[in-house]
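S.K.:
Protein chains in written order, with this note's numbering: chain A, 1143 to 1304; chain B, 216 to 811.
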């Protein structure tokens, strides 16, 4: 069960979000940008944040929720400390990225899209990262690891543990 | 302006950046300063050079020396030898450059020799974060010419005459598109640049945005003038942070220089551009879905007509052009339609950028005239398959395209030819596959993608692709029947004919083309329960060979106790118990376990 977000403890973040919304309020169709910003601030989009946005941007909560769940980059559940994204673009796939993903899943004992129990890692399969010359590729917190083989995985993960 | 005797160009594209090109550039700057050469030599971060396989790439002019697979450690030696003493460091050059006695400059390397760069002309040449470098390469001259010498009708006619077709996939005439929007009366019209490059393995639009962002801005302003729009949006994938960053810089610089904003070239024409980020939805590359997304809604496509040229963004007349299409426009204006038509074929003039990837030696970006044979792109430029493996197929057009075989290698590439053989141009992704790739698995891979990315609005796409995927799963698990193949085909044709938008209408292509050209592989899965390429996990058998030393490691690691054998004797896997997890193969230090 996911705990609700403590609105009072996160007051500063809400103020930051409000300031952002105020700065773009005169443009049309600002919901997507607002969700991007909110995710950057909170790390994910809990229902409390969605309610806040619905109120501020003046769109029904159902629509905010609809947009937040339509796009894969928005998440309504919290993520682990480290985000691992294995590229499943075609170039990586034909060079064996599925085997890399399977190995990670085995090492971390989670399925794709899940977060480890200790909240350290979230494992995701991503769309083409665009560095096809390095295939197969994965990204951990913005660092790209290329020309991967399943057997290199434990060593790479060790760098992020503890 | 300062004159430098030498320029060090470091690739700052996504591929090279991912292997630390920023640190390489930084080390060059430090070392050049240390050697007191910073007044004579300039270090520039450019866009993509194209040959991503050999990255990070550094080119030093005036010699055109091509240093490949650079590392930070090599920088000092290159600075001391090449930049200080004028001796090119042969051992770090790209192999082909250094193979013969005379060192080959970049322009004579096979990979570049056959290319004709129009859309990519500035990529890897200029610093994309400096508008003056773009202007020095005739940048914004086309916009100046259009605003001061031509009427909107003349601009549209010129683009029509050039025969430029949309490079995003469908290949619709760009001039025609503009001419539909121009006569519509409205208080506001829009120009949208579609930079939602979602096809896996295609990265030409990203490279143009990263390497030459002003070309796109200039073209958008030209399009705006032609149709009477004063506002432009660039809809770009959020997964492209470098491209977004460079676009932001470019827009800021263009505004400061007076090349975007109010009263451009004193003509009374205003044009402004805003960036909008996607959030990871493939369907948003489809124009009606893209507009929904810019409006801040779920990206779901709708029926056409009304076409965007009549009723587009917020109900206003809108044109949507792809990045590569736009990058061609300023060149066409400056050099004329006759020049543009001198490349390519009669029906498809100009050049096309392809992203080569997969099992190919020279992964990267190439721009060739339309009508170039697939063989030339894959073998002469791409260098063929690595490790002496046999070429099996090339997949063009991403999830909307199809797989072509070696029988198709001599087809001259253009829109019509690729469609005729059951694939499509798409955005220009070209993924090469060798004998180790299973075509049924590839078809399943693409279907998995489209099922995930279907927006869910129309039934054929939402339900149909899912049913197709289930059948493909069944086949790859060895449970398929021959009726399944017929069912697949029937479903595929129905989905193609009845889906709402391009996503569904093309989603079955990978299945149809593999069924047509690789039917024997499907039949091997169904009839013999065998995966000829050795990919489909459920159909594989793990076998211990004579190389086994009897160390018992595999037997100890097997989670289901399927391996038997005594110490120092060859072990055996009980196939009935084996769950094919592969743990034994990973554990074996003697490479004695193989899968077949």
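Ideal placement from N, C-alpha and C gives every residue a C-beta, glycine not left out.
All values derive from a computational prediction rather than experimental measurement.
Can you name the start and end residues of the alpha helix (DSSP H) that residue 611(B) belongs to?
M.R.: Where residue 611(B) is concerned, there is no enclosing alpha helix (DSSP H), although the beta strand (DSSP E) it sits in stretches over 606 to 611.
S.K.: Note down, in chain order, all residues in the region 461 to 494 of chain B with a beta-carbon under 9 angstroms from any beta-carbon belonging to chain A.
M.R.: 489, 491, 492, 493 and 494
S.K.: Considering only residues of the same chain and omitting the five flanking positions on each side of residue 308(B), which have a CB-CB separation below 8 angstroms?
M.R.: Closer than 8 angstroms at the Cβ level, and outside the excluded window around residue 308(B), lie 280, 281, 282, 283 and 318.
S.K.: Under DSSP, the beta strand (DSSP E) around residue 485(B) begins and ends at which residues?
M.R.: 484 to 492
S.K.: Spell out whether any CB of chain B is found under 8 angstroms from the CB atom of residue 1265(A).
M.R.: No - not a single Cβ of chain B is within 8 angstroms of the one on residue 1265(A).
S.K.: Just to confirm, are residue 627(B) and residue 587(B) a CB contact at a threshold of 8 angstroms?
M.R.: yes
S.K.: Do residue 1272(A) and residue 229(B) have their beta-carbon atoms positioned less than 8 angstroms apart in this structure?
M.R.: yes
S.K.: What residues in its chain sit with their C-beta under 8 angstroms from that of residue 823(B), if we drop five residues either side in the sequence?
M.R.: What the structure shows of chain B is the stretch from 216 to 811, and residue 823(B) is not part of that stretch, so it cannot be assessed.
S.K.: Does the region 688 to 695 of chain B come close enough to the region 750 to 769 of chain B that 3 or more CB-CB pairs lie under 8 angstroms?
M.R.: Counting C-beta pairs closer than 8 angstroms gives three or more between the region 750 to 769 of chain B and the region 688 to 695 of chain B, which meets the contact rule.
S.K.: Run down chain B in chain order and give the residues with a C-beta less than 7 angstroms from the C-beta of residue 1172(A).
M.R.: 511
S.K.: What are the residues that DSSP puts in a beta bridge with residue 636(B)?
M.R.: According to DSSP, residue 636(B) bridges with nothing at all.
S.K.: Does any C-beta atom of chain A lie closer than 8 angstroms to the C-beta of residue 652(B)?
M.R.: yes
S.K.: Which one of 1256(A), 1230(A) and 1244(A) has the shortest CA to CA distance from residue 796(B)?
M.R.: 1244(A)
S.K.: How would you list, in chain order, the residues of chain B whose beta-carbon sits under 8 angstroms from the beta-carbon of residue 1277(A)?
M.R.: 572, 573 and 578
S.K.: Within 8 angstroms of any Cβ in chain B, is that where the Cβ of residue 1216(A) sits?
M.R.: yes
S.K.: Sort 488(B), 555(B) and 224(B) by Cα distance to residue 334(B) and report the nearest one.
M.R.: 555(B)
S.K.: Where does residue 1215(A) fall in DSSP's three states?
M.R.: coil
S.K.: Hey, is residue 1271(A)'s beta-carbon within less than 8 angstroms of any beta-carbon in chain B?
M.R.: Closer than 8 angstroms to some Cβ of chain B, the Cβ of residue 1271(A) qualifies, so yes.
S.K.: Tell me the residue span of the alpha helix (DSSP H) that contains residue 428(B).
M.R.: 428 to 442
S.K.: Can a CB atom of chain B be found closer than 8 angstroms to the CB of residue 1237(A)?
M.R.: yes
S.K.: Under 8 angstroms, Cβ to Cβ, is there at least one residue of chain A near residue 793(B)?
M.R.: no
S.K.: Consider the Cβ of residue 1194(A): report whether some Cβ of chain B lies at a distance smaller than 8 angstroms.
M.R.: No, residue 1194(A) lies away from the interface with chain B (no Cβ there is under 8 angstroms from its Cβ).
S.K.: Give the residues from the region 294 to 307 of chain B that approach chain A closer than 8 angstroms (Cβ to any Cβ), ordered along the chain.
M.R.: none
S.K.: Closer than 8 angstroms by C-beta to residue 478(B): which residues in its own chain qualify, once you throw out the five before and the five after it? Chain order, please.
M.R.: 484 and 485
S.K.: Within 10 angstroms of its Cβ, does residue 1143(A) collect 16 or more other Cβ (buried), or is it exposed?
M.R.: No answer about residue 1143(A) holds up, because its pLDDT of 40 lies below 50 and its placement is not dependable.
S.K.: For residue 1301(A) and residue 443(B), I'd like the C-alpha separation in whole angstroms.
M.R.: 56 angstroms
S.K.: Under 7 angstroms, CB to CB, which of the residues in the region 241 to 268 of chain B have a partner in chain A?
M.R.: 267 and 268
S.K.: Out of 540(B), 372(B) and 234(B), which has the shortest C-alpha to C-alpha gap to residue 1284(A)?
M.R.: 234(B)
S.K.: By how many angstroms is the C-alpha of residue 1218(A) removed from the C-alpha of residue 494(B)?
M.R.: 14 angstroms
S.K.: Report buried or exposed for residue 726(B), applying the criterion of at least 16 other Cβ atoms within 10 angstroms of its Cβ.
M.R.: buried
S.K.: If I'm right that residue 580(B) touches residue 422(B) with Cβ under 8 angstroms, what's the distance once you round it to whole angstroms?
M.R.: 6 angstroms
S.K.: Residue 376(B) by DSSP, collapsed to three states: which one?
M.R.: helix
S.K.: When the distance is taken between beta carbons, is residue 643(B) closer than 8 angstroms to residue 724(B)?
M.R.: no
S.K.: Give me the Cα-Cα distance between residue 804(B) and residue 1172(A), rounded to the nearest whole angstrom.
M.R.: 57 angstroms
S.K.: So within the region 1165 to 1243 of chain A, which uninterrupted beta strand (DSSP E) runs reach at least 3 residues, ignoring any that extend past its ends?
M.R.: 1224 to 1229
S.K.: Which residue or residues does DSSP assign as beta-bridge partners of residue 579(B)?
M.R.: 571(B)
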